[in-house]
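Peer 1: Encoded as structure tokens, here's the structure I'll be asking about.
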Amino acid sequence: MALVSRNVFIVRRILAGVLAVVCVGSAAVANGQATLSEFSEQKLDRVDVIDRTGATNVAIDMDAETAVKPWVAADYEAVSGTTFTTCVNTSTLGMFCLDRNAIRHWPNPEKTPPLDAVDGQELFNCGNPVFAFDRDNICTALTLDLKGDFWIAGKKKSKFSLFKVVTGGCPSDPPNAVSRWTSFSTAAGTFCAREYASGRPLLIDLNVIDGDVAEVFPHSQWVGDELKGGVIGVEERKEVTFFKDIPQALPVVLGAGKVWGLGGGEQLQAATLLQKVWPDDSRTWLLVATSAGRLLSREIPWNSTVTPVINHTGLNLVSPPPSSCPLTTALYDIRASLKTHATFVSDRRACRLLSLQSNIDASSFTTTTPLAFTSSQLIASTSPSPSQPEVATLTAAPEGISIAPGIEVDLRAECGFDTEGNPLTCPIVPDGGDGNFVPAASLTGVRIDDGPSGLVVFEIQNIPDCRRLPFAVQPAACKDGAILAPDGRVIDDVNDPTEYSPDGMPLNPELLFLDVAELMPPEVTSVVTLPRMLISPRYMALDDTNTFGALFGVTDDLVRFRETFVGEFHLGDLIPGRKLGCGGETTIDTLTGPNLDILLTISERFTTVGGLPGGGRQHTDMLVNKTGCDPLDPPAAGTRWSLYGYGFKLAPERVQDPDTGEIEVRYPDSIFARLVLSLFQDLGATIDDYLCFDRDGGTGAPVSAATCTSLQESYDTTLDKLIKCVESSTEPMNSTEIRACQAFETQYLAFASLVGSLTPNALDPANRIGEGQARLLEVFRYIYDEQFKPSIPITGFIDGL
Numbered sequence: 001m002a003l004v005s006r007n008v009f010i011v012r013r014i015l016a017g018v019l020a021v022v023c024v025g026s027a028a029v030a031n032g033q034a035t036l037s038e039f040s041e042q043k044l045d046r047v048d049v050i051d052r053t054g055a056t057n058v059a060i061d062m063d064a065e066t067a068v069k070p071w072v073a074a075d076y077e078a079v080s081g082t083t084f085t086t087c088v089n090t091s092t093l094g095m096f097c098l099d100r101n102a103i104r105h106w107p108n109p110e111k112t113p114p115l116d117a118v119d120g121q122e123l124f125n126c127g128n129p130v131f132a133f134d135r136d137n138i139c140t141a142l143t144l145d146l147k148g149d150f151w152i153a154g155k156k157k158s159k160f161s162l163f164k165v166v167t168g169g170c171p172s173d174p175p176n177a178v179s180r181w182t183s184f185s186t187a188a189g190t191f192c193a194r195e196y197a198s199g200r201p202l203l204i205d206l207n208v209i210d211g212d213v214a215e216v217f218p219h220s221q222w223v224g225d226e227l228k229g230g231v232i233g234v235e236e237r238k239e240v241t242f243f244k245d246i247p248q249a250l251p252v253v254l255g256a257g258k259v260w261g262l263g264g265g266e267q268l269q270a271a272t273l274l275q276k277v278w279p280d281d282s283r284t285w286l287l288v289a290t291s292a293g294r295l296l297s298r299e300i301p302w303n304s305t306v307t308p309v310i311n312h313t314g315l316n317l318v319s320p321p322p323s324s325c326p327l328t329t330a331l332y333d334i335r336a337s338l339k340t341h342a343t344f345v346s347d348r349r350a351c352r353l354l355s356l357q358s359n360i361d362a363s364s365f366t367t368t369t370p371l372a373f374t375s376s377q378l379i380a381s382t383s384p385s386p387s388q389p390e391v392a393t394l395t396a397a398p399e400g401i402s403i404a405p406g407i408e409v410d411l412r413a414e415c416g417f418d419t420e421g422n423p424l425t426c427p428i429v430p431d432g433g434d435g436n437f438v439p440a441a442s443l444t445g446v447r448i449d450d451g452p453s454g455l456v457v458f459e460i461q462n463i464p465d466c467r468r469l470p471f472a473v474q475p476a477a478c479k480d481g482a483i484l485a486p487d488g489r490v491i492d493d494v495n496d497p498t499e500y501s502p503d504g505m506p507l508n509p510e511l512l513f514l515d516v517a518e519l520m521p522p523e524v525t526s527v528v529t530l531p532r533m534l535i536s537p538r539y540m541a542l543d544d545t546n547t548f549g550a551l552f553g554v555t556d557d558l559v560r561f562r563e564t565f566v567g568e569f570h571l572g573d574l575i576p577g578r579k580l581g582c583g584g585e586t587t588i589d590t591l592t593g594p595n596l597d598i599l600l601t602i603s604e605r606f607t608t609v610g611g612l613p614g615g616g617r618q619h620t621d622m623l624v625n626k627t628g629c630d631p632l633d634p635p636a637a638g639t640r641w642s643l644y645g646y647g648f649k650l651a652p653e654r655v656q657d658p659d660t661g662e663i664e665v666r667y668p669d670s671i672f673a674r675l676v677l678s679l680f681q682d683l684g685a686t687i688d689d690y691l692c693f694d695r696d697g698g699t700g701a702p703v704s705a706a707t708c709t710s711l712q713e714s715y716d717t718t719l720d721k722l723i724k725c726v727e728s729s730t731e732p733m734n735s736t737e738i739r740a741c742q743a744f745e746t747q748y749l750a751f752a753s754l755v756g757s758l759t760p761n762a763l764d765p766a767n768r769i770g771e772g773q774a775r776l777l778e779v780f781r782y783i784y785d786e787q788f789k790p791s792i793p794i795t796g797f798i799d800g801l
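Each residue of the sequence shown is one higher than the one before, counting from 1 in my numbering.
As structure tokens, then:
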């Protein structure tokens with residue numbers, strides 16, 4: 001089974017940024033108070049359902065040209081077992097299932113059998129002596145956190161214990177620890193386990209609380225400089241308890257048995273969290289599903305105030321089983337996406353999956369509005385009615401649900417080329433609701449070498465451009481290293497007059513770099529180690545919010561891109577109401593600049609030219625705009641998968657007043673003249689530093705020595721003519737400009753032909769040949785033809801170069 005657009009799942013995207021909690025002291029909250037500040041948030045999720053022996057992905061088919069996009073279900077053919085009780089899909093680590101008493105792993109659950117030897121591998125067993133569970137050796141619950149650490153529960157001497165299991169070496173134990181880390185090995189590797197809670201009643205249905213969720217969860221706790229979340233679990237099928245990520249810490253009961261008003265043998269079967277965050281406040285609810293098919297909620301306050309339980313009636317959670325559904329006892333699982341606010345309930349007795357709509361995202365929802373679920377929608381069933389084409393078909397009764405951050409894409413099968421060589425388009429982010437049924441983001445015509453082809457994409461919204469935010473409202477990451485001066489100094493002290501103005505704004509933002517790696521959310525930083533990733537002073541976030549968005553992609557190891565591909569990023573969906581335009585400027589406003597939406601990419605794996613002066617090889621932005629509007633926004637010239645940022649504009653520059661000689665910061669009328677020169681110089685540096693040398697761990701330079709010499713000679717000649725073309729466009733302009741630019745364009749054709757015909761001389765892991773082709777043939781050519789040339793005044797540029 002190939003990964004197709006069914007694995008791209010999102011119910012709705014929330015445009016308001018999630019805000020991180022800034023806390024001081026030993027606890028995440030004190031006296032019910034928390035301090036919130038704007039920060040970035042990951043907004044893509046996918047949902048999977050499990051049955052007794054397998055797993056199925058359920059997602060929106062974004063290719064549907066209908067007002068109601070139908071759901072589709074596709075079995076993970078690679079995932080099979082005998083008695084699944086829990087499966088947890090992760091962002092990049094694959095799927096983990098509790099198969100009776102074995103924890104098994106599928107690194108790529110979407111793969112079609114035959115499998116690699118590691119697929120379905122047993123990592124460890126609940127019968128391992130390190131746990132000392134009772135004779136049946138059965139774990140009752142399993143979950144994983146963002147780092148990939150396991151949380152398992154099992155019966156031990158008539159009571160239940162909660163263990164944390166990490167991969168590899170054991171963390172250090174503090175002195176006088178009640179429990180200690182114990183190492184054990186299996187055929188799959190080395191693990192380390194520690195008992196976090198013991199002597200508990202029956203413990204089932206674990207849910208992890210970490211990352212951004214832990215930052216606004218009332219019972220998280222700071223230990224030193226680390227915020228500790230934990231897990232929630234259903235105990236004795238009648239109450240929900242929070243276990244801190246602190247061994248043997250006192251558990252916190254979030255809802256005891258009598259609170260829920262259970263009766264007539266009714267039991268709690270599953271629990272999840274739902275959160276809502278504003279710039280200066282947040283709210284958290286505990287949702288539970290009962291054996292009677294009831295959905296109950298209770299708000300978890302920042303203080304000890306008792307909150308009532310709400311019975312969300314009228315949702316039609318209970319339904320008679322269809323004839324195709326085997327008679328079973330009632331089993332309801334519930335999971336809420338803490339990013340998209342979507343809530344799902346699986347119903348084993350009726351063999352179906354529901355999506356629940358709440359009022360949490362209504363514009364009228366405030367810090368005091370009661371949580372309400374307004375409707376339920378059938379999205380998957382073992383026997384959908386012919387009158388329900390939007391309902392997906394399941395192959396078995398669902399046992400549970402898993403929600404994982406990010407979406408999966410198979411670059412070769414979905415985004416590459418069909419058997420006749422026609423480029424394929426794979427949606428990444430679905431249509432944002434503007435009614436045009438065009439995906440908000442997609443890829444077309446991706447070429448990769450034989451081998452791995454997987455990609456996981458995260459959508460990150462509301463990333464702050466710290467360089468243009470007052471110190472008082474900057475997130476902590478802005479102050480901790482995200483702003484860099486040209487000499488590499490971190491701008492982090494409001495009391496230093498050389499770095500901040502009296503009103504708290506960073507001085508000279510037109511000279512500052514932004515390290516976007518410091519601003520990535522936990523979903524990204526937990527799965528990949530990021531180097532410094534720089535946005536240069538040349539670009540800035542749009543003025544209205546001083547924030548931007550990005551898609552961050554993590555590929556399988558050894559994915560190797562070739563040539564270039566097309567990335568479509570429709571800003572009307574991704575950043576509604578903030579689109580500038582597609583350019584073709586004839587005049588430049590010195591205050592607001594050109595109406596050009598800038599698209600950037602930064603690789604976390606491979607360095608590029610530019611960056612801090614004298615800083616060596618760095619991970620720096622590259623402009624990727626190409627070919628104007630197609631059809632609504634400028635598409636991107638892609639060469640590999642990394643971070644693709646949008647919501648940028650050209651930044652003002654330092655300009656010397658021709659009359660007074662004074663330096664002022666504004667948009668020069670020659671801004672595109674400066675840009676084309678800069679882009680061409682970046683290309684030259686790429687040829688010298690990366691095409692003619694092996695900087696990426698290949699088997700040699702991407703181009704041969706002879707080709708390198710030809711490239712450099714042709715580049716030098718073309719650059720000389722470009723400089724003459726641009727210089728002759730300044731005031732006073734005459735016919736020299738026409739002749740100089742004609743000479744450049746003639747020379748450009750020969751140089752472009754040489755660059756376009758490049759083939760790898762050796763292994764080219766970073767696709768440097770594709771990068772050179774994108775820089776020259778697509779990005780530079782677009783800026784030169786559609787931005788620079790239309791911007792030349794009749795009398796020439798006043799500001800010059």
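From the three backbone atoms N, C-alpha and C, an ideal C-beta is built for every residue, glycine too.
Taking 9 angstroms as the threshold (C-beta atoms), are Phe-780 and Leu-719 in contact?
Peer 2: Not closer than 9 angstroms, so no.
Peer 1: How long is the line joining the alpha carbons of Val-234 and Ala-141, rounded to whole angstroms?
Peer 2: Going from the Cα of Val-234 to the Cα of Ala-141 covers about 10 angstroms.
Peer 1: Going along the chain, which residues of its own chain have a beta-carbon closer than 8 angstroms to the beta-carbon of Ile-663, five neighbours each way excluded?
Peer 2: The answer, listed in chain order, is Arg-654, Val-655, Gln-656 and Asp-657.
Peer 1: Report the residue from Lys-238, Pro-247, Glu-510 and Ala-271 whose alpha carbon sits nearest the alpha carbon of Gly-265.
Peer 2: Selected option, being the one with the closest Cα: Lys-238.
Peer 1: Give me, in chain order, the residues of the same chain whose beta-carbon lies closer than 7 angstroms to that of Cys-466; leave out the 5 immediate sequence neighbours on both sides.
Peer 2: Excluding residues within five positions, the ones whose Cβ falls inside 7 angstroms are Gln-474, Cys-478, Ala-482, Ile-483 and Leu-514.
Peer 1: Could you have a look at Val-166 and say whether DSSP puts it in helix, strand or coil?
Peer 2: Strand at Val-166.
Peer 1: According to DSSP, is Thr-343 helix, strand or coil?
Peer 2: Strand, per DSSP.
Peer 1: For the alpha helix (DSSP H) that Lys-244 lies in, which residues bound it at each end?
Peer 2: It is not in any alpha helix (DSSP H) - Lys-244 instead sits in the beta strand (DSSP E) that spans 239 to 244.
Peer 1: Among Leu-443, Thr-143 and Met-520, which has the Cα closest to the Cα of Glu-41?
Peer 2: Taking only the C-alpha atoms, the option nearest Glu-41 is Met-520.
Peer 1: Does DSSP classify Leu-196 as helix, strand or coil?
Peer 2: Just to set this straight, residue 196 is Tyr in the shown sequence, not Leu. Of the three classes helix, strand and coil, the one that applies to Tyr-196 here is strand, per DSSP.
Peer 1: Considering just the uninterrupted stretch of the beta strand (DSSP E) at Ala-685, what are its terminal residues?
Peer 2: From DSSP, Ala-685 is part of no beta strand (DSSP E) but of the alpha helix (DSSP H) over 671 to 686.
Peer 1: Pull up the distance between the alpha-carbon of Pro-537 and that of Pro-732, whole angstroms please.
Peer 2: In a straight line, the C-alpha of Pro-537 is about 29 angstroms away from that of Pro-732.
Peer 1: Exposed or buried, Arg-335, counting other C-beta atoms within 10 Å across all chains shown (16 or more means buried)?
Peer 2: Result: buried.
Peer 1: What residue from Ser-161, Ser-183 and Phe-160 has the CA that sits closest to Pro-171's CA?
Peer 2: Closest option to Pro-171, Cα to Cα, is Ser-183.
Peer 1: Helix, strand or coil: how does DSSP classify Lys-789 here?
Peer 2: Helix at Lys-789.
Peer 1: Counting along the chain, where does the alpha helix (DSSP H) carrying Thr-699 start and finish?
Peer 2: Looking at the DSSP string, Thr-699 is not in any alpha helix (DSSP H), and its letter there is neither H nor E.
Peer 1: In three-state terms, what does DSSP make of Ile-723?
Peer 2: DSSP places Ile-723 in helix when its eight states are reduced to three.
Peer 1: If you reduce the DSSP assignment to three classes, tell me which class Asp-134 lands in.
Peer 2: Residue state, collapsed to three classes: coil.
Peer 1: Give me the DSSP bridge partner(s) of Met-876.
Peer 2: Residue 876 cannot be examined here, being either before or after the span of the chain that is shown, 1 to 801.
Peer 1: I'd like the list of long-range same chain contacts for Arg-100, defined as Cβ closer than 6 angstroms, with 5 residues on each side in sequence excluded.
Peer 2: Once the five neighbours on either side are set aside, the close Cβ partners of Arg-100 are Thr-83.
Peer 1: Does DSSP put Thr-328 in a helix, in a strand, or in coil?
Peer 2: In this structure, Thr-328 counts as coil in the three-state DSSP scheme.
Peer 1: Let me know the secondary structure DSSP gives Ala-440 once reduced to three states.
Peer 2: Three-state result, Ala-440: coil.
Peer 1: In terms of alpha-carbon separation, which member of Ile-687, Pro-576 and Ser-704 lies closest to Arg-775?
Peer 2: The residue with the shortest Cα to Cα distance from Arg-775 is Ile-687.
Peer 1: For Gln-742, is the classification buried or exposed, using 16 other Cβ atoms within 10 angstroms of its Cβ as the cut-off for buried?
Peer 2: Exposed, since its Cβ has fewer than 16 Cβ neighbours within 10 Å.
Peer 1: In chain order, what residues of the same chain lie with their CB nearer than 6 angstroms to the CB of Leu-643, ignoring the 5 residues before and after it?
Peer 2: For Leu-643, where only same-chain residues beyond five positions count, the Cβ hits under 6 angstroms are Ala-550, Phe-552 and Ile-602.
Peer 1: Please name the residue or residues paired with Thr-190 in a DSSP beta bridge.
Peer 2: Paired residues: Ser-185.
Peer 1: Find the nearest neighbour of Asn-422 within the set Asp-480, Arg-447 and Val-216, judged by alpha-carbon distance.
Peer 2: Looking at the Cα atoms, Arg-447 is the closest of the given residues.
Peer 1: Just the C-alpha distance for Val-88 and Met-95, rounded to the nearest angstrom, thanks.
Peer 2: If you take the alpha carbons of Val-88 and Met-95, they lie about 6 angstroms apart.
Peer 1: Using the Cα positions of Glu-713 and Ala-392, report the straight-line distance between them to the nearest angstrom.
Peer 2: So the alpha carbons of these two residues sit roughly 60 angstroms apart.
Peer 1: If you follow the beta strand (DSSP E) that Cys-415 is in, where does it begin and where does it stop?
Peer 2: Element bounds for Cys-415: not the beta strand (DSSP E) but the alpha helix (DSSP H), 411 to 415.
Peer 1: Taking its Cβ as the centre, do 16 or more other Cβ atoms sit within 10 Å of Leu-286, making it buried, or is it exposed?
Peer 2: Its Cβ being crowded by 16 or more others within 10 Å, Leu-286 is buried.
Peer 1: For Pro-423, list the residues DSSP reports as bridge partners.
Peer 2: In the DSSP output, where bridge partners are listed per residue, Pro-423 has Phe-417.
Peer 1: Please say whether Asn-625 and Thr-707 have beta carbons closer to each other than 9 angstroms?
Peer 2: Contact flag unset, no.
Peer 1: Let me know if Val-429 comes out buried or exposed under the rule of 16 or more other beta-carbons within 10 Å of its beta-carbon.
Peer 2: That one is buried.
Peer 1: To the nearest angstrom, how far is the alpha carbon of Val-259 from that of Val-288?
Peer 2: Their Cα atoms are separated by approximately 12 angstroms.
Peer 1: Does the stretch 235 to 255 touch the stretch 196 to 206, meaning 3 or more C-beta pairs lie closer than 8 angstroms?
Peer 2: Cβ pair count under 8 angstroms is three or more, so yes.
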